[in-house]
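Sequence positions in the sequence shown follow this note's numbering and run 1340 to 1477.
Since the structure comes first, as structure tokens, the remarks are kept for the end.
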Amino acid sequence: MDIDVLNLPMVSIPNRNQLPELSGIYFIINEVNSIEYIGVAQNLCVRLRNHECGLELDTPKLCRVAYMLVSERSERFKLEKLFIKQFSPRLNINHTSNSRTSVRFRKRLRHFDDPDLVLTKEAAEIIGVSAHAVRKLI
């Protein structure tokens, strides 16, 4: 599916509370118009209001959120996977169903001062994912 993300409706990260309260796919776009992250949401406004999208962006205030409304849940996930493969955003770690776990793991891992702390089972317990997910990411 060809899509010009820059022609989709969009709002700046600081104004993300203006997103519609509808289901869809969102694209976080940086200041040089590169797609940093692609995600899905049942409610775009709520998801992006709670999103930690500024944590890994170099200049979050200059970034924008483009979105497309997709009401059907299975279609959202299918399109998300397709767009991740098409655009290869740097914050979508992999193209599998574990991408959400990967991002969550990486965000939480950043908060540890001691990298030696990351032993598979202990890391899994600390961040609330399975040990299998941690082994796949390390």
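Positions of the beta carbon are idealized from the N, C-alpha and C atoms, including for glycine.
Inset, instruction - Check whether the region 1350–1358 touches the region 1368–1378, taking contact to mean three or more Cβ pairs, one atom from each stretch, closer than 8 Å. - result: Short answer: they don't touch.
Inset, instruction - Quick one: give me the first and last residue of the alpha helix (DSSP H) that valine 1385 is part of. - result: Working through the sequence shown from its first residue, we reach residue 1385 at position 46. First-last of the alpha helix (DSSP H) with valine 1385: 1383–1389.
Inset, instruction - Kindly indicate the opening and closing residues of the alpha helix (DSSP H) around isoleucine 1342. - result: Taking the sequence shown and counting its residues from 1, the one referred to as residue 1342 is at position 3. Here isoleucine 1342 belongs to no alpha helix (DSSP H), and DSSP marks it neither H nor E.
Inset, instruction - Keeping to the same chain, check which residues put their C-beta closer than 8 Å to that of proline 1454; ignore five residues upstream and five downstream. - result: Start at 1 with the first residue of the sequence shown, and residue 1454 comes out as number 115. Because proline 1454 sits at a pLDDT of 44, beneath the cut-off of 50, its placement in the model cannot be relied upon, and the following sentence gives the value as read from the coordinates. Closer than 8 Å at Cβ, skipping near neighbours: no residue.
Legend entry - Separation of arginine 1388 from isoleucine 1342, as counted between CA atoms: Taking the first residue of the sequence shown as position 1, residue 1342 is located at position 3. Taking the first residue of the sequence shown as position 1, residue 1388 is located at position 49. Roughly 25 Å between the two C-alpha positions.
Legend entry - Residue nearest to serine 1427 in terms of C-alpha spacing, selected from Val1409, Ser1413, Glu1411 and Tyr1376: Sequence index remark: in the sequence shown, residue 1427 carries index 88 (1-based). With distances taken between Cα atoms, serine 1427 lies closest to Tyr1376.
Legend entry - Coil, strand or helix - glutamate 1478 by DSSP: Nothing about residue 1478 can be read from this structure; the chain reaches only from 1340 to 1477.
Inset, instruction - Count the other CB atoms, across all protein chains shown, that sit within 10 Å of the CB of leucine 1281; report buried if there are 16 or more and exposed otherwise. - result: This structure does not reach residue 1281, given that the chain is present from 1340 up to 1477, and the question cannot be answered.
Inset, instruction - Going by CA-CA distance only, name the one from Glu1411, Phe1366 and Leu1345 that's closest to asparagine 1431. - result: Your numbering for residue 1431 matches position 92 in the sequence shown. Ranking Glu1411, Phe1366 and Leu1345 by Cα distance to asparagine 1431 puts Phe1366 first.
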